Amino acid sequence: MTAANWTVASIRGALQAKKVSARELAADFLARAEKRNGELNAFLKFAPERAFAQADRIDALVKRGEQLPALAGVPVAVKDVISTKGIRTTCGSRILENYVPPYDATAVVRLEAAGAICLGKTNCDEFAMGSSNENSAYGPVQNPVAPGRVPGGSSGGSAAAVAADLAVVALGTDTGGSIRQPGALCGIPAMMPTYGRVSRYGLIAFASSLDRIGPFGRTVADVAAVLQVMAGRDPLDSTSAEAPVGNYASEIEKPVRGLRLGIPREYFGEGMDPEVRRRVEEAIERLRSLGCQTAELRMPHTDYAIATYYIVATAEASSNLARYDGVRYGPRTSGDPETSGLLDMYKKTRGRGFGAEVKRRIMLGTYALSTGYYEAYYLKAQKARALIARDFTEAFARVDAIVTPTSPVPAFRLGERTADPLQMYLADIYTVTGSLAGVPGISIPCGKTAEGLPVGLQIFGPHFGEARVLQLARAFERAWAPQG
Amino acid sequence: MKITRKDVLHVAELAHLELSEEEVDLYCQQLDSILAYVDKLNELDTAQVEPMAQSLAGTGGAEDHALREDVVASSDVADAVLSIAPDPSKPYFRVPKVIER
Numbered sequence: 002m003t004a005a006n007w008t009v010a011s012i013r014g015a016l017q018a019k020k021v022s023a024r025e026l027a028a029d030f031l032a033r034a035e036k037r038n039g040e041l042n043a044f045l046k047f048a049p050e051r052a053f054a055q056a057d058r059i060d061a062l063v064k065r066g067e068q069l070p071a072l073a074g075v076p077v078a079v080k081d082v083i084s085t086k087g088i089r090t091t092c093g094s095r096i097l098e099n100y101v102p103p104y105d106a107t108a109v110v111r112l113e114a115a116g117a118i119c120l121g122k123t124n125c126d127e128f129a130m131g132s133s134n135e136n137s138a139y140g141p142v143q144n145p146v147a148p149g150r151v152p153g154g155s156s157g158g159s160a161a162a163v164a165a166d167l168a169v170v171a172l173g174t175d176t177g178g179s180i181r182q183p184g185a186l187c188g189i190p191a192m193m194p195t196y197g198r199v200s201r202y203g204l205i206a207f208a209s210s211l212d213r214i215g216p217f218g219r220t221v222a223d224v225a226a227v228l229q230v231m232a233g234r235d236p237l238d239s240t241s242a243e244a245p246v247g248n249y250a251s252e253i254e255k256p257v258r259g260l261r262l263g264i265p266r267e268y269f270g271e272g273m274d275p276e277v278r279r280r281v282e283e284a285i286e287r288l289r290s291l292g293c294q295t296a297e298l299r300m301p302h303t304d305y306a307i308a309t310y311y312i313v314a315t316a317e318a319s320s321n322l323a324r325y326d327g328v329r330y331g332p333r334t335s336g337d338p339e340t341s342g343l344l345d346m347y348k349k350t351r352g353r354g355f356g357a358e359v360k361r362r363i364m365l366g367t368y369a370l371s372t373g374y375y376e377a378y379y380l381k382a383q384k385a386r387a388l389i390a391r392d393f394t395e396a397f398a399r400v401d402a403i404v405t406p407t408s409p410v411p412a413f414r415l416g417e418r419t420a421d422p423l424q425m426y427l428a429d430i431y432t433v434t435g436s437l438a439g440v441p442g443i444s445i446p447c448g449k450t451a452e453g454l455p456v457g458l459q460i461f462g463p464h465f466g467e468a469r470v471l472q473l474a475r476a477f478e479r480a481w482a483p484q485g
Numbered sequence: 011m012k013i014t015r016k017d018v019l020h021v022a023e024l025a026h027l028e029l030s031e032e033e034v035d036l037y038c039q040q041l042d043s044i045l046a047y048v049d050k051l052n053e054l055d056t057a058q059v060e061p062m063a064q065s066l067a068g069t070g071g072a073e074d075h076a077l078r079e080d081v082v083a084s085s086d087v088a089d090a091v092l093s094i095a096p097d098p099s100k101p102y103f104r105v106p107k108v109i110e111r
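Residue numbers (my numbering), protein chains in the order written: chain A, 2 to 485; chain B, 11 to 111.
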């Protein structure tokens with residue numbers, strides 16, 4: 002059984018042909034994942050009982066000769082900010098170190114209803130705040146394709162699990178780049194759907210107007226298959242969209258000849274690694290050779306996106322994370338019962354439970370929302386957000402998709418960027434724009450640097466243009482994947 | 011410096027965060043440099059721009075989502091929720107005293 006060969010489709014075929022059972026698959030993936038976890042630290046929790054119970058259900062379907070659901074037997078790793086009933090969910094934080102959710106996220110319910118096997122929960126930056134996975138309270142994740150380097154963040158464990166063949170697909174979450182950037186740094190396809198395309202019910206909130214759940218896979222078809230199952234309106238999330246969901250599996254095989262691609266000049270400025278630039282320019286040339294037309298675009302507010310994002314996201318985070326106060330879940334730290342009361346308990350619990358980056362962002366967001374600064378910072382950032390979104394609306398009036406680098410740099414060394422938070426924030430420079438605008442985006446591998454570090458190509462589509470984005474990614478993969 | 015120790019202590023109070031002396035110094039300096047960077051937003055003329063709080067494209071507008079059908083549904087979760095609390099006392103969460111002497 003060679004792990005690297007498994008895809009959603011090949012698992013289905015092997016199950017139907019009775020070449021492998023779902024239980025054997027689950028056992029194999031769990032055994033390998035547990036074995037390599039000491040080195041990679043990609044998983045925070047394994048869920049063998051749940052995995053085997055699901056595998057047995059699939060094997061029973063096979064035995065009875067019934068139709069297999071879309072993701073039958075597919076081993077999936079789930080980021081630890083996504084709630085799983087009965088399975089500890091920490092958000093990479095001490096403040097939820099003993100939290101066992103009493104319910105499942107809708108995304109997990111839908112994946113399991115489609116036959117997927119949940120192997121366990123993956124490491125991530127605390128509350129999904131970070132670009133390197135170094136902000137996890139449970140230690141950093143190693144990049145499986147570049148030892149000694151970060152896998153990206155915040156969904157670093159999910160990206161690493163798939164890149165190391167320890168899961169066939171994985172769920173991540175993306176608020177400012179947290180799916181796409183680790184996808185790029187680990188060399189696998191990774192997709193952020195349109196805001197509202199996938200229900201956020203059970204996703205533990207960081208910044209509610211930006212948070213999205215999306216898939217990692219080894220192939221574009223697998224990313225599409227997972228998205229297909231998760232997408233669509235959920236009555237439990239009032240921001241989930243009614244917009245119809247296309248048939249991604251057939252849409253992505255359509256030819257891309259004649260599609261118009263916008264290349265925004267602002268994404269190719271200072272600060273980009275020269276090898277990343279070369280790989281991305283080659284990738285654009287390859288898309289042209291597939292018959293796509295390219296046009297240079299101006300997206301003049303791009304340079305304001307990081308500043309906008311780090312006000313909007315931290316303001317929302319300061320509000321969302323107010324709930325961690327030692328009353329309803331998580332550990333509690335109280336002062337002397339004779340001399341201190343409730344307020345002191347809140348402060349001690351939060352001061353001890355949150356890590357440095359989370360506290361920094363709560364402080365920044367609280368400041369931006371506080372009396373006297375609300376208009377200067379939060380309101381100003383909301384207006385800048387409207388201008389950034391307008392850049393996208395105007396661009397999509399002219400082009401079908403926008404093509405950029407995913408990250409300005411390939412995977413950096415562990416510890417290399419932790420001293421200066423602002424430098425770390427700038428790692429998100431090409432991804433936060435689409436987050437603020439609410440549009441879908443994918444990162445797909447487009448080659449490596451001379452040192453062998455993966456480079457990611459980012460493709461943005463208009464709102465609910467997932468099929469178009471996946472179609473371009475699939476065409477690129479079909480024509481050029483062997484180069485990666 | 012725009013951000014003083016006093017600002018940091020005030021914000022920590024608002025955010026219910028107990029910070030060490032070292033953290034106060036660190037956040038003083040880091041928030042100052044981040045906010046200095048954020049000041050670049052002042053280059054933008056936003057006088058005629060409506061603030062954007064949410065991207066709800068294709069949802070039929072926020073109005074459609076404000077209300078659902080008012081139907082009774084069961085929500086029998088009290089035991090499950092209390093079972094993970096640090097100090098439950100059914101049917102309550104127990105907390106340290108609220109009124110200080």
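Glycine is no exception: its CB is placed at the ideal position from the N, C-alpha and C atoms. Remember, predicted model here, so these are calculated numbers, not experimental data.
For the stretch 364-398 of chain A, which segments carrying the alpha helix (DSSP H) assignment without a break, of at least 4 residues, lie completely within its bounds, in sequence order?
Runs of the alpha helix (DSSP H) inside the stretch 364-398 of chain A: 381-397.
Helix, strand or coil: which one does DSSP assign to L29(B)?
It is coil, neither helix nor strand.
In chain order, what residues of the same chain have a beta carbon less than 6 Å from the beta carbon of H26(B), not counting five sequence neighbours either side?
The answer is none, since no qualifying residue turns up.
Output the distance between the C-alpha atoms of T434(A) and A476(A), rounded to the nearest integer angstrom.
Cα-Cα distance, rounded: 25 Å.
Unbroken beta strand (DSSP E) runs of length 3 or more, entirely within the stretch 33-77 of chain A: which are they?
Runs of the beta strand (DSSP E) inside the stretch 33-77 of chain A: 44-47.
With a threshold of 8 Å, are at least 3 pairs of Cβ atoms found where one atom belongs to the stretch 353-370 of chain A and the other to the stretch 17-36 of chain B?
At 8 Å Cβ cutoff, the stretches touch.
Between R261(A), A225(A), V230(A), which lies nearest to I253(A) when the distance is taken from Cα to Cα?
That would be A225(A), whose Cα lies nearest to the Cα of I253(A).
Quick check on A451(A): buried or exposed, where buried means 16 or more other Cβ atoms within 10 Å of its Cβ?
Exposed, since its Cβ has fewer than 16 Cβ neighbours within 10 Å.
Per the contact definition of three or more C-beta pairs closer than 8 Å, is the stretch 103-112 of chain A in contact with the stretch 62-71 of chain A?
Cβ pair count under 8 Å is below three, so no.
Would you check if the distance between the CB atom of V400(A) and the CB atom of R261(A) is smaller than 8 Å?
Yes; because the gap between Cβ atoms is below 8 Å, this pair is in contact.
Can you give the Cα-Cα distance for S94(A) and R299(A), rounded to whole angstroms?
So the two alpha carbons sit approximately 40 Å from each other.
By the three-class DSSP mapping on this structure, what secondary structure does Q182(A) have?
In this structure, Q182(A) counts as helix in the three-state DSSP scheme.
So, at 7 Å on beta carbons, what are the nonlocal neighbours of F379(A) in its own chain, with the 5 sequence-adjacent residues on each side left out?
Sequence check: residue 379(A) is Tyr here, not Phe. Hits under 7 Å: I312, A316, A369, L370.
In the DSSP assignment, what residue or residues form a beta bridge with P98(B)?
Paired residues: F103(B).
For the ligand MG, is there a heavy atom less than 7 Å away from the beta-carbon of L167(A)?
Ligands in the displayed structure: none, and consequently the ligand MG is not present.
Report, in whole angstroms, the separation of the C-beta atoms of K263(A) and I403(A), which I expect to be a contact under 8 Å.
Inspection of the sequence shows that residue 263(A) is occupied by Gly rather than by Lys. Right, the Cβ-Cβ distance comes to about 5 Å (below 8 Å), so this counts as a contact.
Between which residues of its own chain and T195(A) is the CB-CB distance below 6 Å, once the five residues before and five after are set aside?
Excluding residues within five positions, the ones whose Cβ falls inside 6 Å are P441, H464, F465.
Who are the Cβ neighbours of Y374(A) in its own chain at under 8 Å, not counting the five residues just before and after it?
Cβ within range, chain order: Y368.
P145(A): buried (16+ other C-beta within 10 angstroms of its C-beta) or exposed?
Per the 10 Å Cβ criterion, buried.
Closer than 8 Å, CB to CB, is Y102(B) near chain A or not?
No - not a single Cβ of chain A is within 8 Å of the one on Y102(B).
Taking 8 Å as the threshold, find out whether the stretch 215-235 of chain A comes into contact with the stretch 66-82 of chain A through three or more Cβ pairs.
Judged by Cβ distances under 8 Å, the stretch 215-235 of chain A makes contact with the stretch 66-82 of chain A, as three or more pairs qualify.
Going by CA-CA distance only, name the one from T372(A), Y202(A), G462(A), K348(A) that's closest to P106(B).
Of the listed residues, the one whose Cα sits closest to P106(B) is K348(A).
Are G352(A) and E28(B) closer than 8 Å when you measure CB to CB?
Yes, these two residues count as a Cβ contact at 8 Å.
From which residue to which residue does the alpha helix (DSSP H) around Q58(B) run?
No alpha helix (DSSP H) contains Q58(B), which DSSP labels as neither H nor E.
In angstroms, rounded to a whole number, what distance separates the CA positions of E23(B) and L344(A)?
Rounded to the nearest angstrom, the two C-alpha atoms are 10 Å apart.
Any Cβ of chain B within less than 8 Å of the Cβ of P422(A)?
Cβ-Cβ to chain B under 8 Å: yes for P422(A).
Which residues of chain A have a Cβ atom closer than 9 Å to the Cβ of Q64(B), listed in chain order?
Neighbours of Q64(B) on chain A, chain order: Y196, S209, S210, T240, G439.
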